[in-house]
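J.: Take a look at this one; I'll ask things after.
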Amino acid sequence: MKRNFILSLFLLPSFLFAQEGIKTLIKAGKFFNSEIGIFQSEIGIIISNNKIESVKFYSEVTNKEKSECKLIDLSKYTILPGLIDAHTHLLNNETILPENKYEGLDMMKTLTMVGDAYRAIYGSVKAKAYLEAGITSVQDLGNAGQFADIALRNSINEGLVIGPRMRCAGMALAAEGGTIPKIIYKHRAILNEEYRIVVSPEDATQAVREVITQGADIIKIYSNNTINITSLSIEEMKAIVNEAHRYGIKVTAHSTNNQAAYNAVISGVDGIEHGDQIQDSTFQLMAKKGVIFVATHMDDFTSKKYFQLAYPDRWEGIVKFSQEIKRKSIQSAIKNGVTIAAGSDDNLNLKMPFAEASKRTLVSYFESGMTIPEILKAATINGARQLNWSNNIGIIKHGYLADIIAVDNDLENNINAILKIHFVMKDGNIYVNN
Ligand SMILES: [Zn+2]
C-alpha cells in the first residue's frame, strides 16, 4: 500500500499541488458576488491551501498579509466562482443523424462497438477541456455505461487526470426500454449496460441502493423516456425519492414535457431537467416545493449548428420554433419564482470545441431574457445547490473551496465574455493563467 502511495505521488503533475504554507492573494478587477448577485470593484481574495481565507476590499489587505502571500494580479479581469454545469454527459458523444433520426441507433453502437473503456478515456479528455474552459464542477447525469463516470470522478480526485469536480449519477433509473424503443426482445438486456431498469416500487428502492453502493452522488431518473413512450410510475418515483433522501442524496428527473415534470414534482424530486413546455401551474408547484429547474438550452448559435446537421434542408424554421419555446420556458420559470440552475446536456457531436456548447447555455439564458447576474447565479450558487454542495462551492467567501476563474472585464455588460477564460483555479491550484 505504502509503495503504491509513493509511486502515485511520483506520477502526479507537480502543478496539482498548491505550495504548502504559501498563501495566494488575488487582486481582482471586478468581482462577481454570487450571494448577492452584484459586481464589486477593488477586491482582494486571500487563498490558503485549497480554501478561501478572506475576501475584502484590496485597500484593506494589510502589509503583513501581502508579505505572506504570492500576488496574482488579475486587476484587468472580472473574477467569479468557478462555473458549474449541473447537467453533463462527459462520457457520451452522440452523433446527429439526418432527419434527427435518433431511434437509439447511436446508443446501440456505443454499447456494442465503443464500450466503457473508450468512453472513460474520451470523458477524461473532455473533462480537461471543461476545467480549462472555467467549468470547475459538473453534475454528470448518466449515459456513462456501467459507472464509468464514477471511475473518471475518482481518477480526477486522485489527480491521475485533470478535470472538474464531478458529482455522478452512475446509472440513471428508467422504466422498461430506457430511452431506446424497439430493441428485439431477446436483446433487450443490453440496456442494463446503460440504465438501471426499474420494474416495481420495491425494485426502485433496490435500484437506489445499488447505484449509491457503486458511488453515486445523485440519483437521476427518467420521469419520461423520450423517445421511448414508457415511463416510471408515480409510486416508483416516490419510492426512489424516499430511499435516496434517507441517505441525504438528491433526486433529479429527466422530464421533457409538462406531465412528466408534474409527476416527478409530486413524487418529491429535487430537480427537473430539460423541462420543455412546462405549464405555469407546474412551475408554481416547483417554486412552492423548492424544486430546481435545470434548463438545458442551446443558444441561437448552437441551435443553428444542431438543426443544420439534423435538418439540412429546413433548419431555419425549426431553429426559430425551438428557440421560442425555450424563451417562453425561461420567462415562465422566472415569472413564477423558480430557481434556475445552469445545465447544458452537452453530449451531441456538434463539431465544436469541447466545453463550448456547455458555456453557450449561459448565452442562451441571456437570449431568453435573463439578466447577467441572474445567469451567473444560475451557474454558480444555484448550481451548487443542485449539486448538493452549497457549503463548498459556488461562492467566493471564507471557508469555501478555492474555485476561481477570470474573464474579460466587460462581463457585466457582455455575456459573451464568459466564452473566453484567462484564469482557472480549482481547489487552490492554477490550471490556466494567461
Ligand atoms: Zn441529459
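The sequence shown begins at 0 in numbering that gives the first Met the number 0 and counts up by one. Ideal Cβ placement from N, Cα and C applies to all residues, glycine included. Every value quoted in this text rests on a predicted model; they were computed, and no experiment measured them.
#1: Taking DSSP as the reference, what is the three-state secondary structure of GLN138?
#2: Can you tell me whether PRO12 is helix, strand or coil according to DSSP?
#3: For SER230, collect the residues of the same chain with a Cβ closer than 8 Å to its Cβ; drop the 5 residues on either side in sequence, then sort them by chain order.
#4: Let me make sure I understand the geometry here. Which of LYS303, ASN32 and LEU190 has the alpha-carbon closest to that of GLY176?
#5: Helix or strand or just coil, what does DSSP make of VAL268?
#6: Can you name the start and end residues of the beta strand (DSSP E) that TYR246 belongs to?
#7: Check whether the Cβ of ASP344 sits closer than 7 Å to any heavy atom of ligand 1, and report yes or no.
#8: Secondary structure at PRO352, three-state DSSP: helix, strand or coil?
#9: Would you check if there are 3 or more beta carbon pairs closer than 8 Å linking the region 112–121 to the region 320–330?
#10: With a 10 Å radius around its C-beta and 16 neighbouring C-beta atoms as the bar for buried, classify LYS358 as buried or exposed.
#11: Taking contact to mean at least 3 C-beta pairs separated by less than 8 Å, is the region 46–54 in contact with the region 355–373?
#12: How about GLN138 and THR178: are their beta carbons less than 8 Å apart?
#13: Who are the Cβ neighbours of THR281 in its own chain at under 6 Å, not counting the five residues just before and after it?
#14: Just verifying my parser: in three-state terms, what is the DSSP assignment at THR180?
#15: Provide the residue span of the beta strand (DSSP E) that contains PHE38, from first to last.
#16: Cα separation between LYS69 and ILE44?
#17: Please confirm if ASN390 has its CB atom under 8 Å from at least one CB of chain B.
#18: Between PHE146, ILE394 and ASN415, which has its C-alpha nearest GLY36's C-alpha?
#19: Could you name the residues that DSSP lists as bridge partners for ASN62?
#20: Quick one: residues in its chain with C-beta nearer than 8 Å to the C-beta of VAL318, no 5 flanking neighbours on either side, listed in chain order?
#21: Could you spell out where the beta strand (DSSP E) holding VAL293 opens and where it closes?
#22: When you compare each of LYS249, SER331 and LYS288 to SER389 by their alpha carbons, which one comes out closest?
#23: Please classify LEU231: does DSSP put it in a helix, a strand, or coil?
#24: Cβ of LEU140 within 7 Å of any heavy atom in ligand 1?
#25: Does the distance between the C-beta of HIS88 and the nearest non-hydrogen atom of ligand 1 fall short of 7 Å?
#26: Should the region 413–423 be regarded as contacting the region 150–168, the criterion being three or more beta carbon pairs within less than 8 Å?
#27: So, at 6 Å on beta carbons, what are the nonlocal neighbours of GLU411 in its own chain, with the 5 sequence-adjacent residues on each side left out?
#28: When the Cβ atoms of the region 153–161 are set against those of the region 90–108, are three or more pairs found closer than 8 Å?
#29: Whose C-alpha, out of ILE183, ILE161, TYR184 and TYR194, is nearest the C-alpha of ALA171?
#30: Please report the distance separating the alpha-carbon of SER7 from that of LYS108.
#31: What distance in whole Å lies between the Cβ atoms of GLN205 and PHE146, which are believed to be in contact at a cut-off of 8 Å?
#32: If I follow the unbroken alpha helix (DSSP H) through ALA206, where does it start and stop?
T.: Reading it off the structure:
#1: Strand at GLN138.
#2: Any answer about PRO12 is weak, because its pLDDT of 47 lies below 50 and its placement is not dependable; what the coordinates show is given next. The three-state secondary structure of PRO12, taken from DSSP, is coil.
#3: These residues qualify, in order along the chain: ALA174, TYR221, SER222, ASN223, ASN224, ALA259 and ASN262.
#4: Residue LEU190 is the option with its Cα nearest to GLY176.
#5: Residue state, collapsed to three classes: coil.
#6: From DSSP, TYR246 is part of no beta strand (DSSP E); its letter is neither H nor E.
#7: For ligand 1, at least one heavy atom lies less than 7 Å from the Cβ of ASP344.
#8: In the structure shown, PRO352 sits in coil (DSSP, three-state: anything other than H, G, I, E or B).
#9: Flag = no, the region 112–121 and the region 320–330 do not touch.
#10: Classification of LYS358: buried, given that the 10 Å Cβ count is 16 or more.
#11: The region 46–54, when compared against the region 355–373, does not touch it at the 8 Å Cβ threshold.
#12: It is not a contact, given that the beta carbons lie outside the stated cut-off.
#13: Cβ within range, chain order: ASN257, ALA260 and TYR261.
#14: Per the sequence shown, the amino acid found at residue 180 is Pro instead of Thr. The three-state reading of DSSP puts PRO180 in coil, since its state is none of H, G, I, E or B.
#15: Segment 37–40, the beta strand (DSSP E) holding PHE38.
#16: Taking the CA atoms as reference points, LYS69 sits about 11 Å from ILE44.
#17: Protein chain content of the structure displayed is limited to a single chain, and chain B is not contained in it.
#18: Distance from the Cα of GLY36 is smallest, within the candidate group PHE146, ILE394 and ASN415, for ILE394.
#19: DSSP, once it has assigned bridges, lists no residue as partnering ASN62.
#20: Same-chain partners within the cutoff: ASP299, SER302, LYS303 and PHE306.
#21: In this chain, the beta strand (DSSP E) harbouring VAL293 covers 291–294.
#22: Of LYS249, SER331 and LYS288, the smallest CA-CA separation from SER389 is found for LYS249.
#23: Three-state DSSP puts LEU231 in coil, outside helix and strand.
#24: Yes; taking the cut-off as 7 Å, the Cβ of LEU140 has a heavy atom of ligand 1 nearer than that.
#25: At least one heavy atom of ligand 1 is nearer than 7 Å to the Cβ of HIS88, so yes.
#26: No, because fewer than three Cβ pairs between the region 413–423 and the region 150–168 fall closer than 8 Å, the two stretches do not touch.
#27: Excluding five sequence positions before and after GLU411, the CB atoms of its chain that fall closer than 6 Å to its own CB belong to PHE38, given in chain order.
#28: Taking 8 Å as the limit for Cβ pairs, the verdict is that the region 90–108 does not touch the region 153–161.
#29: Minimum Cα distance to ALA171 is reached at TYR194.
#30: Residue placement at SER7 cannot be trusted, given a pLDDT of 43 that sits under 50; the coordinates are not used to answer.
#31: Between GLN205 and PHE146 the Cβ distance is about 16 Å, and since that is not below 8 Å, they are no contact.
#32: Counting along the chain, the alpha helix (DSSP H) containing ALA206 begins and ends at 200–212.
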